[in-house]
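Undergrad:
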Amino acid sequence: MTADEAVLALWEALPADVRERVDDLARKGTSFGIVALLCPAHGLSIPQGLRIAVARHALLRPPVPDGPVDPRVLIRKAGEVEERVLAVEAVWAGDLAHGRFVWLFAIGETRDHPLEPVYASTATRHLGSEESDDGRPHIAVAAEMIGVAVARALRVPFHFASPRVPDGRAPRWVRPGAATC
């Protein structure tokens, strides 16, 4: 039995209502929710649950955009934010469907406004290669180039706490006057 056949057999053995809940979670991109639902309540191991999550994501999630992110579009999006934009920030993220990527945010006075994710395919198209000259991940280089262009157009600072090493827990930009721990 191939790995795909094994995942299909696990999938088909699940009750219909559980499969429906798994597909709802997959459409939302919540892999951990799928694993929590399936393991151990339905007798699956964590690796089996992850295999099902990956398979359902691949089937149900929209394809990853493969074109370059257009800074003009992001400048327009940030201009539509209904509060003053204080900064543009790049933050590492990742999931089973896309791997590692960087989110660009317009930081408003009261909340963060997502602008666009920068995926590996976007970075490769933006830079023309998968390698950066200075050893930084190419996703970080592309996200920084795009983020700086947007920040300059908005006349606000750009913040990327971890441009050399993917770190989703790196310190975020702090709004002026915000309490810090």
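In our numbering, each number is its position in the sequence shown, counted from 1, plus 1486.
We put the beta carbon where it would ideally sit given N, CA and C, even for glycine.
1) Give the single residue among Ala1656, Leu1640, Val1577, Pro1657 whose Cα lies nearest to the Cα of Glu1567.
2) Give the range of the beta strand (DSSP E) segment to which Trp1589 is assigned.
3) Can you grab the Cα-Cα spacing for the pair Ala1637 / Gly1580, in whole Å?
4) Check Ala1495 in the structure and name its three-state DSSP category.
5) From Leu1494, Ala1609, His1584, Ala1495, pick the residue whose C-alpha is nearest to that of Val1627; which is it?
6) Tell me whether Ser1531 is buried or exposed, calling it buried when 16 or more other Cβ atoms sit within 10 Å of its Cβ.
7) Give me the Cβ distance between His1528 and Leu1500, rounded to the nearest whole Å; I'm assuming they're in contact under 8 Å.
8) In whole angstroms, what separates the C-alpha of Gly1654 from that of Val1577?
9) Could you please give the first and the last residue of the uninterrupted alpha helix (DSSP H) stretch that includes Pro1533?
10) Taking Cβ positions, are Val1571 and Val1642 nearer each other than 9 Å?
11) Excluding the 5 residues preceding and the 5 following Phe1644 in the sequence, name in chain order all residues of the same chain whose CB lies nearer than 6 Å to its CB.
12) Would you list the one or two residues that DSSP bridges to Asp1598?
13) What's the C-alpha gap between Val1508 and Pro1652?
14) Among the candidates Tyr1605, Cys1525, Asp1598, whose CA atom is the shortest distance from the CA of Gly1586?
TA: Looking at the coordinates:
1) Your numbering for residue 1567 matches position 81 in the sequence shown. Note that residue 1567 corresponds to Val in the displayed sequence, not to Glu. The shortest Cα separation from Val1567 among Ala1656, Leu1640, Val1577, Pro1657 belongs to Leu1640.
2) Within the sequence shown, the letter at position 103 stands for residue 1589. First-last of the beta strand (DSSP E) with Trp1589: 1585-1594.
3) The sequence position of residue 1637 within the sequence shown is 151, counting from 1. The sequence position of residue 1580 within the sequence shown is 94, counting from 1. If I take the Cα positions, the gap works out to 23 Å.
4) Taking the first residue of the sequence shown as 1, we reach residue 1495 at position 9. Shown here, Ala1495 sits in a helix according to DSSP, grouped into three states.
5) Working through the sequence shown from its first residue, we reach residue 1627 at position 141. With distances taken between CA atoms, Val1627 lies nearest to Ala1609 out of Leu1494, Ala1609, His1584, Ala1495.
6) As a first step, residue 1531 must be located in the sequence shown, where it is residue number 45. Classification of Ser1531: exposed, given that the 10 Å Cβ count is below 16.
7) Here the question's residue 1528 lines up with position 42 in the sequence shown. Here the question's residue 1500 lines up with position 14 in the sequence shown. The pair is a contact, with the Cβ atoms about 6 Å apart (cut-off 8 Å).
8) Numbered from its first residue, the sequence shown carries residue 1654 at position 168. Numbered from its first residue, the sequence shown carries residue 1577 at position 91. About 7 Å.
9) As a working mapping, residue 1533 is identified with position 47 in the sequence shown. Pro1533 -> alpha helix (DSSP H) spans 1532-1546.
10) In the sequence shown, residue 1571 corresponds to position 85, counting from 1. In the sequence shown, residue 1642 corresponds to position 156, counting from 1. Cβ atoms of Val1571 and Val1642: closer than 9 Å.
11) Along the sequence shown, read from residue 1 onward, the residue named residue 1644 stands at position 158. Cβ within range, chain order: Val1574, Gly1633, Val1634, Ala1637.
12) Numbered from its first residue, the sequence shown carries residue 1598 at position 112. Partner(s): Ile1593.
13) Translated into the one-based positions of the sequence shown, residue 1508 becomes position 22. Translated into the one-based positions of the sequence shown, residue 1652 becomes position 166. Val1508 and Pro1652 have their alpha carbons spaced roughly 29 Å apart.
14) As a position in the sequence shown, residue 1586 is number 100, starting the count at 1. Here residue 1586 turns out to be Arg, not Gly, going by the sequence shown. Comparing alpha carbon positions, the residue from Tyr1605, Cys1525, Asp1598 closest to Arg1586 is Tyr1605.
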